[in-house]
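Each residue of the sequence shown is one higher than the one before, counting from 718 in this note's numbering.
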Amino acid sequence: MKTPNQGGFTLLEMLAAVVLLSIGFAVYLNAMGATTQALLHDEQSTRMALLAKTLFDDQSRKLLKPGHWQGNLAQVQWQLTTTAQPGTPPVDLYRLELVLEQGHRQERFVTWRAQGPKPGTTP
């Protein structure tokens, strides 16, 4: 108990302050952990999207044809399926479906590509 002429805090007040500080610190650490996980997930999604763009760009440089291809790029397994779609001649329309897998994570990307007449042919 305090007497009117004593200064400072009692032991009970100090314990209450330490408990409140501990709770605040625990909430802060939990929020930082969730933020770190969200940033890691975002980084992985961005990496997968860039790999998908690279693979789609590689395919667009080639003469497109229906088929199924697979491989490994930057420690990511990929499977690409190209299917011909009905289109207006002389333009061929293709649907490209790409599945990327790394560990337990899997991303799926789909795009459409139009291909004009083959070089050396007349429409």
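Each residue gets a CB set at the ideal place from its N, CA and C atoms; glycine is no exception.
Rounded to the nearest whole angstrom, the CA to CA distance from residue 756 to residue 766 is 15 Å.
By the Cβ neighbour-count rule, residue 745 is exposed, with fewer than 16 other Cβ atoms within 10 Å of its own. Taking one beta carbon from each stretch, the stretch 815–831 and the stretch 772–784 have 3 or more pairs nearer than 8 Å; the two touch.
The criterion of a C-beta distance shorter than 7 Å is satisfied by residue 802 and residue 810.
If you compare the alpha carbons of 806, 822, 812 and 754 with that of residue 834, the shortest gap goes to 806. Beta-bridge partners of residue 823 (DSSP): 818.
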